[in-house]
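Okay, structure first, notes after.
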Amino acid sequence: MSTSILVVDDERAIQDTLAWCLRTDGHEVRTAGSGEEALAIMADQGFDLIISDIIMPGLSGVDLLRKARALQPRTPVVLITAFATVETAVEALREGASDYVIKPLKFDELRHRVQGLLEHRPAAQESAVLRRAVESAAPDGSLLGESASMLAVRTQVARTGPAVSNVLITGESGTGKELVARAIHAASPRRGQPFVPINCGAIPESLLESQLFGHVKGAFTSAVQGSPGLFAAADHGTIFLDEIGEMPLHLQVKLLRVIEEKEVWPVGSTKPLRVDIRIIASTNRDLAKEVEAGRFRCDLFYRLKVVHIALPPLREHREDISLLADHFIREFNLNLGRQVRSIDRDALRVLMAYPWKGNVRELEHVIESAMILSDG
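See below:
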């Protein structure tokens, strides 16, 4: 898989030359004409390497470096410098730059530096690739984070996507279970087919069966016409059974039959429908304890839990709060027409200390509320 590089320079000729040089080596390259433009691009895309000039109007290369370390701390940054600014480049190394090259550029030397940096950072390189695999499926930021736990989640998502196995996602409310399901679907061969979500706890038990499995005309009093149901609607795609722990036992039996036989029996029908679906289920319950209590079928539990992804509560990866908050600020600046630049240190300390029982969703709502009420 090719690596992605962001080139930042206010001179278009240098942008184009660097991009051409790197593309001939098989890299994917994006360019930016300023530090501000680079930050906007980085907010939406992860990179394996950043190459930036130091002297630019507005945000300098060193300023960009500092902000890039906050957005993508594992991405190496190479600075381009003239002889007159070598001291600045050395200072930038102390700030976290990985390397610097001196003008006029020698492209063989640059290629060698780039290759060396990419070869010596396999874990971080994989992280950037995985981030790109899931970012389009999680626009609200629920899968953002540079903590070990969130890197592990993104790894599982990217590796699970191409498989055909059923998946069980567990985690507290607000941790992003549906977003993980969508990311898995987006990374799968089924991504061009339907993704059909249903909350098993939000639909009355009397209606859940016909919603899932469908029904024929006249199957019950109000069935004035037939309905194929959501399993049929998800044919060749993915169905997401949110809060699977709320599903009653008699429907668990029917679900097990769908998994084993690849067939759906609509209510009132004498003929099954063949379906080709991938099932992703989620719950905020401890299903193992539900099995012990007799409220969830053991055989279904293990058929769903072929792959298990456990999402951490936000209080267990507090180091990601600043990154998430900045993401939501950028999002709501666009949506609300605000110009809030960042959260001040005192406010950030409050956010870091808060228990976040509602997890990432609660953090998003807090940021939105604060920005609506602010004067920014």
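Mapped onto the numbering used here, the consecutive letters of the sequence shown carry residue numbers 173 to 548. We put the CB at the ideal spot given by N, CA and C, even for glycine.
Strand pairing of residue i, partner residues [DSSP]
i	result
S454	I341
L413	I370, A453
L221	I177
L459	According to DSSP, L459 bridges with nothing at all.
A204	V180
H387	S399, V439
R446	E435
H480	L340
V250	I223, D271
Cβ neighbour criterion (16 or more within 10 Å) applied to residue i
i	result
I454	According to the sequence displayed, residue 454 carries Ser and not Ile. Flag for S454 reads buried.
H387	buried
D516	exposed
V244	Inspection of the sequence shows that residue 244 is occupied by Gln rather than by Val. Q244 comes out buried.
P527	exposed
E432	exposed
Q187	buried
A460	exposed
N507	exposed
S337	exposed
L545	exposed
Nearest-angstrom Cα separation, counted from residue j out to residue i
i	j	result
G364	A358	8 Å
Q383	D492	38 Å
L413	D518	41 Å
F468	L423	11 Å
R521	L231	27 Å
V436	Y474	20 Å
Q287	M543	43 Å
M419	C372	6 Å
K389	P376	20 Å
V565	K239	For residue 565 there is no data in the structure shown, the boundaries of the chain being 173 and 548.
E462	E208	52 Å
H160	V234	What the structure shows of the chain is the stretch from 173 to 548, and residue 160 is not part of that stretch, so it cannot be assessed.
T203	S494	27 Å
H489	S399	44 Å
E318	T247	11 Å
L221	P276	21 Å
P229	L236	12 Å
L380	S174	46 Å
V479	T342	11 Å
Q511	A497	14 Å
Cutoff 6 Å; reference residue i; Cβ partners in own chain excluding five residues on either side
i	result
F279	C193
D312	Residue confidence is low: D312 scores 49 on pLDDT, short of 50, so the model does not pin down where it sits. No coordinate-derived value is stated.
D441	In the sequence as displayed, the identity of residue 441 is Ser instead of Asp. Counting only Cβ-Cβ distances below 6 Å, and skipping sequence neighbours, we find V388.
A256	The pLDDT assigned to A256 is 48, lower than 50, so where the model puts this residue is not dependable; a value taken from the coordinates is nonetheless given after this. Counting only Cβ-Cβ distances below 6 Å, and skipping sequence neighbours, we find nothing.
Residue i Cβ short of 7 Å to the ligand ZN heavy atom set
i	result
D182	Absence of the ligand ZN is noted for the structure shown, with no ligands found whatsoever.
Nonlocal neighbours in the same chain, by C-beta distance under 7 Å from residue i, ignoring five residues either side
i	result
V273	V250, I252, E281, L282, R285
T189	none
V201	I177, V179, A191, L194, R195
L290	T175, D220, L221, Q297
Any 3 or more C-beta pairs closer than 8 Å across the stretch 213 to 227 and the stretch 176 to 187: The stretch 213 to 227, when compared against the stretch 176 to 187, does touch it at the 8 Å Cβ threshold.
At least three beta-carbon pairs within less than 8 Å, the stretch 441 to 453 to the stretch 398 to 409: In short, these stretches touch, since the Cβ pair count reaches three.
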